[in-house]
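Position 210 of the sequence shown, counting from 1, maps to 210 under UniProt numbering, and the rest follow consecutively. C-beta: ideal position from N, C-alpha, C; glycine also. Just below is one structure, and these are the notes that go with it.
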Amino acid sequence: MNVGTREPLTQSLERWHIAIRTNHIQQSESIHNEIKSEITQIKDPTTQLYYQLLNSRYLILKKELASAHAILDTLNDVHLNRTDIFGYYMNLITGMLLTAEGNYEVAELRFIRAFNLLNVLNSMTDEIVRADFYHKAAVLYYHIRQPLTALDYANEALKTLSEAEDFELLQSGCENILGLASLSLKQYGKAEEHFLCALDLAKRIDQSYTSLIKYNIGYLYAEQNMSELAVRYLLEVFEEEEAFYKTHFLLSREYYRLNNEEKAIPFYEKGIELANEEYLHHFKILNALNQATDINELERIVKEGNDYFKQHELFGFVEDYAGELAQVFFTKENHNKASYYFKESYEAKRALQKKEALK
1 MNVGTREPLT QSLERWHIAI RTNHIQQSES IHNEIKSEIT QIKDPTTQLY
51 YQLLNSRYLI LKKELASAHA ILDTLNDVHL NRTDIFGYYM NLITGMLLTA
101 EGNYEVAELR FIRAFNLLNV LNSMTDEIVR ADFYHKAAVL YYHIRQPLTA
151 LDYANEALKT LSEAEDFELL QSGCENILGL ASLSLKQYGK AEEHFLCALD
201 LAKRIDQSYT SLIKYNIGYL YAEQNMSELA VRYLLEVFEE EEAFYKTHFL
251 LSREYYRLNN EEKAIPFYEK GIELANEEYL HHFKILNALN QATDINELER
301 IVKEGNDYFK QHELFGFVED YAGELAQVFF TKENHNKASY YFKESYEAKR
351 ALQKKEALK
């Protein structure tokens, strides 16, 4: 980011930006420690803003989301609607944070704004800036179950990153998203190829990035009903990382599939303590589907979850859970309710396809 000055501190901030953007946590931390003592001396408002933006992105990289949010909250009112390079980064970084927090609707608005600014500011940006944007947008579109859009963005990013030096971790991130998008499309062989490529790239640079990819490999096997193999990978992730509700969710689900309720329940109970609002619904539906829940209570829990997913345009989950509920009613020979939920599942699938077609 060109802030219009070549003072030593600004040069250090630019080195810090490169380290953050390439996902090198240790290098980012080292440079931050170098400049900490100088930060309090910053008087130029432009340099102050530059530091605050970089610091928020640094905190997102470290998964300190609450601290990143606190910084961006102080900047949004004044700087979010800017039409210069700072406006671009305000929207990009805010979009990254909201994606990490699961606030996908507002995140998409921020990414759309960033993309428009990226095109307006074309002469002030380079291919790496665009690749960085494409990678982060791919992450968002995977999460909102739009795998074709995610594939397009991740492939665009890789075109540039594969020819650049020191971007192996971002290449790994793109391969990881390509794997997830392929998995969403049930292209299991391609998904495995992308995940293994992502794992190889990450291992070369920083072992700390391998846990997420191993989690996704576990997810890949879980989606193919290969529960024993899925559990093997997920337990490895569980031992390597801090407690994370998504790992708890998958472990609970796969142990239920293996008819091992004794092991499923502890992961469920801990996961629901850690979960965000979205995953609270996933956990509740999982529990209701696997316990001797009254069918009317099961319907209430699924409907409550699907109301949330519809509100946040997460139609893929509506499709999944309405379909599962339809199957339950079908086995109970309640054909009216079964038809109703099969129709809801179909409509959710159409809504998802329509939303992706507009991209």
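Cβ pair residue i, residue j closer than 9 Å
| i | j | result |
| --- | --- | --- |
| Y256 | N216 | no |
| L54 | S67 | no |
| Y341 | A322 | yes |
| E242 | K214 | no |
| L183 | E223 | yes |
| T160 | I205 | no |
| I177 | H135 | yes |
| L61 | N23 | yes |
| I20 | S28 | yes |
| A191 | L220 | yes |
Proximity to residue i [Cα-Cα], best of the options
| i | options | result |
| --- | --- | --- |
| H312 | W16, A107 and T149 | A107 |
| G218 | A114, L80, E14 and F249 | F249 |
| Y268 | S37, E278, N259 and N287 | N287 |
| residue 368 | T125, T331, D77 and V302 | Because the chain spans 1 through 359 in this model, residue 368 falls outside it and cannot be assessed. |
Cutoff 8 Å; reference residue i; Cβ partners in own chain excluding five residues on either side
| i | result |
| --- | --- |
| R110 | N91, L92, T94, G95 and L98 |
| H79 | L49, F86, G87 and M90 |
| I265 | S252 |
| Y142 | A150, I177, L180, A181 and S184 |
| H69 | L97 and E101 |
Residue i, DSSP secondary structure in three states
| i | result |
| --- | --- |
| N155 | helix |
| K332 | coil |
| K349 | helix |
| E7 | coil |
| F167 | coil |
Cβ-Cβ separation, residue j to residue i (assumed contact under 8 Å), whole Å
| i | j | result |
| --- | --- | --- |
| L212 | V231 | Not quite, the Cβ-Cβ distance comes to about 17 Å (not below 8 Å), so this is no contact. |
| A131 | L169 | Not really, about 13 Å apart at Cβ, beyond 8 Å. |
| Y51 | L13 | 6 Å |
| F133 | L148 | No, F133 and L148 are not in contact; Cβ-Cβ is about 18 Å, not under 8 Å. |
| H194 | E175 | 5 Å |
Own chain, CB closer than 7 Å to residue i, minus 5 neighbours either side, in chain order
| i | result |
| --- | --- |
| residue 360 | The question about residue 360 has no answer, for the chain in this structure spans 1 to 359. |
| N306 | V318, Y321 and A322 |
| I272 | L280 and F283 |
6 Å CB neighbourhood of residue i in its chain, flanking five on each side removed
| i | result |
| --- | --- |
| A137 | F111 and Y153 |
| L258 | S227 |
| N336 | none |
Heavy atom of the ligand FMN within 8 Å of residue i beta-carbon
| i | result |
| --- | --- |
| A326 | With respect to the ligand FMN, the structure offers nothing, as it holds no ligand at all. |
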